[in-house]
Every structure is written in structure tokens, then in C-alpha cells.
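Below is one structure, written out as C-alpha cells; comments come after it.
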Amino acid sequence: MTDAGVLRTLLAPRKTLFGVGAVEKVAEEAKQLGGKKVLIVTDETVMKLKIVDKVRDPLTSDGFEVDIWDKVEPEPTMPVAESLTKYVRKKQYDSVVGVGGGSSLDMAKVASLMRKNQGDFKDYVGGVPLVSRGIPILAVPTTSGTGSEATATLVVTHKEMKTGITHPYIMPDTALVDPALTLSLPQRVTANTGMDALSHAIEAYMSQKNNTFADAVALQSMRLIADNLRLAYAQGTNIEARANMSMGSMLGGLSIANSSTCGGHALAYGFAVMKQLPHGFTCATALPFIMEYNLLAIPERLADVADALGEDTTGLHPREAAFAAVNAVARLNNDLGIPLSLEELDIKHDEIPLMADETMRIGRLLSVNPRSMNKDEAVGVFERMWHGFE
Ligand SMILES: [Fe+2]
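Numbering (our numbering), first residue to last: 14 to 403.
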């Protein structure tokens, strides 16, 4: 890897407040971004748990006019984005606050863009260039996984496929990362989202778009997640583990914002929509298998991953160390109750060609995977995933 001769744009939120109590600063931060009309974009669970109050109350008591759009669904589809587009155009909102998991933060990005850009959202997903920056985005994550508070990407399901927009305009202006908001996350969500974050860091490190900046944050993300995810899962109220996961997740987001995901997310998208499984869960399932597949091409980089995951690689050949990284991820999945094979997920063996077809549609991620993958090879990886690790 070299950065010589390559002009890079390094992206991050303009400002990040990290730590317990960060959410209390929301009004102060919104004030700095200008205007008085704020739209909060969130989902039912965040409403029910009253987490949304922690954002709305400081804003209203500071004189902001606040509306809440709480119709975000898990793995949001095009109709959800379209109905939000209609809503956000009804009023001259000055800024948008996304509160929730990746779906809510991504939909806040939709609201920001569509308040300032004319026409249909799906045209922009289809490649029509954005005309202008949206209204300012404040991102308040309540999970530690997607890292969407630190990415310039939004994902939406369209025509049975995960697609979206990646553009510097949708990097949040302000990220308010408050680990206390993740204390009530159920165990299953902690596991799935935590493994999504680890997938971001490891895939960004494997991606052909890797670079010094993304590598640095990816490796630190891996260390934090390897050291803290089991504890956050086993003891959800442990604020230290939660804080380290929030940081690990944000760094994972930064790593993909400046590099990219690659084959793991492409494989995951290959069966997530078809089987209606949560994003993080499918990424977790695919992760050790894409690492194993990529091992031929990048043994040294996977040996670095083994180190970051805390494996003892002293005296090991890079190839052996790389296998230690694959096994470390498989063990972590096992500890978190994530299946080690597709067979355990009740996926039928004869569905493999279909899943491989779906994966081949994710060309933007396959094109940066360090080892090329054609349909037959995708079938091969799914075969391996179906049987799983012993
Ligand atoms: Fe992801």
C-alpha cells in the first residue's frame, strides 16, 4: 500500500462530541448550525424507549420548533424514503437530527438531501448528480454498529437490492455519540450491530481502497471491538464496554468513509434481502468466510488483523497468522450466538446460485475486493458458508 501520487479526500464529521452526556449538547450544537426549525428523524422503538425525549426536550426548551418523523423501519425501503421526502418538503426545516440505529441516521441523510434537491429520491439513487448540499445533519446513534454518524453513505432497499448514495454532502455535520444511549440495547442487537462495526473495520482494511488514514482507524476499531464486544453483550449495562463499542463503531464508520466495505458486505447483501435478515447479522455471518477467501491475496494484511484482534502471532508465517484472524472472528461469532453456517439459518442448499446472483449485483463492492470474484467463485464461497466451520 502506498499513498504516494494519490490525491485523497479524507472525510469525517465537521465536529464530533463523544462521551456520556453528549446528547445534552444537542441544542447548543443545533444553534451553531443555524435556524430554528428542526426535524427529528427516528423510529418507533426510540420513541417507545423515550430516548427521543433526550433530544427533543433540550431543543424545545431552547426555543426550537421541533417536528418528529418516526416512521423509519429497519432496513428502510424506497417507499419509506419517498414518504419522508414528501414530509421534509412541507416546511422550511433548517436542520435534521437523526436519532437511532443506522436506518434512522441514513433516513436523516435522505431528509437533508431532499429538502434541498428537487425531484425524486430514486433518481439520485440511480445516479442523477446531487445539485446542492442538504440542510445540516446532526447524528445521534443509539446503537454501536453502522457508524453512520461518521460515513458519507446512506443505504436503502430498492427492487429487492441494497443500494444507496455515497457523497461528501451526506457526511453528518455534527455527530453526538453518547454511549449511555446504548445501555438499553437488547443482547441480540448488541451482537449484530457490534459485528457490523467489526465488518466495517476489517473490510475497510482489506479493501483495495485502503490507505494510511483508514488503516489507522480500522485497526483501532478492531482492537476496541475485540476487547469489548463480548463484555457489552454479556453485561449490557457496563458503560465502559459500551463506550468502547461506541468508539469502535464510530471508528469503523470512519474507516469505510475513507476506504470502503468490500466482499463481505456484497455476500451479506446477497442473502439479507432475500431472507429478510438484519444487516449486521448477515455481515457477521459472511465475515470469516470473506477473510478466508481473501487470504490468498492479502495474507500480510490479514496477519495485521490477527494482531489487532489480540491473537498471538509470534513466530507465525503471515499465512498462518491470517488463518488465526479468520478463526478469531469465527470464535467471536460463536460466542455471540451467530451461526457459523448458512445451513443453521435454514437456508436451502439449492438457494446458493440465487444468492450468488444477488451478490454479483453488488459490483461497486466486489470491484474493490482484494481477490476478484465471479459468479462461480461466489457460489464457491456460499458453498463454504453453507457447510460452515467445524
Ligand atoms: Fe454494514
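Glycine residues also receive a C-beta, built at the ideal position from the N, C-alpha and C atoms.
Whole-angstrom C-beta distance between residue j and residue i, which should lie under 8 Å
i, j, result
"VAL141", "MET120", "The pair is not a contact, with the Cβ atoms about 19 Å apart (cut-off 8 Å)."
"VAL65", "THR55", "5 Å"
"GLY276", "ASN382", "4 Å"
"SER108", "LEU151", "6 Å"
"PRO352", "VAL392", "In fact, because the Cβ distance is near 20 Å, the residues do not count as touching under 8 Å."
"GLU88", "HIS292", "6 Å"
"ALA270", "ALA337", "Their Cβ separation, rounded to whole angstroms, is 28 Å, which puts ALA270 and ALA337 out of contact at 8 Å."
"VAL101", "ARG128", "5 Å"
Opposing strand residues paired with residue i [DSSP bridges]
i, result
"LEU151", "VAL110 and THR187"
"HIS171", "MET174"
"ASP56", "VAL85"
"LYS50", "GLU78"
"LYS28", "THR187"
"THR298", "THR298 pairs with nothing; no bridge assigned."
"THR179", "THR166"
"THR90", "THR170"
Cα-Cα separation, residue i to residue j
i, j, result
"ILE148", "HIS180", "14 Å"
"THR326", "ALA217", "22 Å"
"PHE226", "ASP363", "42 Å"
"ARG314", "SER161", "25 Å"
"LEU300", "LEU126", "32 Å"
"LEU46", "SER197", "30 Å"
"ASP200", "MET208", "For the record, residue 200 in the displayed sequence is Gln; it is not Asp. Their Cα atoms are separated by approximately 12 Å."
"VAL59", "PRO154", "11 Å"
"GLY139", "ASP133", "10 Å"
"MET368", "CYS296", "14 Å"
"VAL68", "PHE31", "15 Å"
"THR298", "LEU355", "8 Å"
"SER96", "GLN131", "14 Å"
"THR98", "LEU267", "27 Å"
"LYS61", "LEU329", "51 Å"
"LEU24", "MET184", "8 Å"
"ASP83", "LEU118", "12 Å"
"ASN340", "ASP320", "13 Å"
"MET304", "VAL286", "22 Å"
"GLY324", "PHE294", "Contrary to the premise, residue 324 reads as Glu rather than Gly in this sequence. Roughly 23 Å between the two C-alpha positions."
"GLY115", "ALA239", "21 Å"
"GLY177", "ALA124", "14 Å"
"LYS388", "ASP370", "7 Å"
"VAL37", "LYS175", "For the sequence presented, residue 37 should be read as Glu rather than Val. Cα to Cα, GLU37 sits roughly 34 Å from LYS175."
"ALA247", "GLY48", "43 Å"
"PHE302", "ILE360", "16 Å"
"ARG397", "TYR306", "10 Å"
"VAL394", "ALA343", "15 Å"
"LYS63", "TRP399", "40 Å"
"MET258", "ALA163", "14 Å"
Cβ neighbours of residue i in the same chain (closer than 8 Å, five flanking residues each side left out)
i, result
"ARG406", "Summary: the structure shown does not reach residue 406, with the chain confined to residues 14 through 403, and so no result is reported for it."
"VAL51", "ALA43, LEU72, PHE77, GLU78, VAL79, ASP80, TYR106, ASP107, SER108, VAL109 and VAL110"
"THR22", "PRO181"
"HIS171", "THR90, MET91, LYS135 and VAL138"
"ASP317", "TYR218 and LEU232"
"LEU309", "ARG384"
"VAL33", "ASP191, PRO192, ALA193, ILE252 and ALA256"
"GLU357", "GLY401"
Close Cβ partners of residue i (< 6 Å) along its chain, the five nearest in sequence each way excluded
i, result
"ASP75", "ALA40"
"ARG27", "ASP186"
"ASP16", "ASN224 and THR225"
"SER273", "SER220, LYS222 and VAL381"
"LEU379", "ALA279 and MET386"
"THR372", "ALA279, LEU280, GLY283 and ALA391"
"ARG332", "PRO312"
"GLY113", "THR55, ASP56, VAL59 and THR155"
"GLU265", "For the record, residue 265 in the displayed sequence is Gly; it is not Glu. GLY160, ALA210, HIS213, ALA214 and SER234."
"GLU173", "VAL286"
"VAL230", "LEU264, LEU267 and SER268"
"ALA335", "LEU308, PRO312, LEU315 and ALA316"
"ALA254", "ASN241, LEU244 and ALA245"
Sequence-distant residues of the same chain with beta carbon closer than 7 Å to residue i, five excluded per side
i, result
"ASP228", "TYR218"
"SER262", "SER157, GLY158, GLY160 and ALA210"
"ASP70", "none"
"ALA35", "LEU189, VAL190 and ASP191"
"ILE375", "ALA279 and TYR282"
"SER145", "LYS129 and ASN130"
"ARG236", "ALA321"
"VAL202", "THR156"
Distance cut-off 7 Å: residue i Cβ against heavy atoms of ligand 2
i, result
"ASN271", "Among the ligands modelled here, namely ligand 1, ligand 2 does not occur."
Quick check on the contact list: which residues have their beta carbon closer than 7 Å to a heavy atom of ligand 1?
Ordered along the chain, the selected set is THR159, ASP209, SER212, HIS213, THR274, HIS278, HIS292, GLY293 and CYS296.
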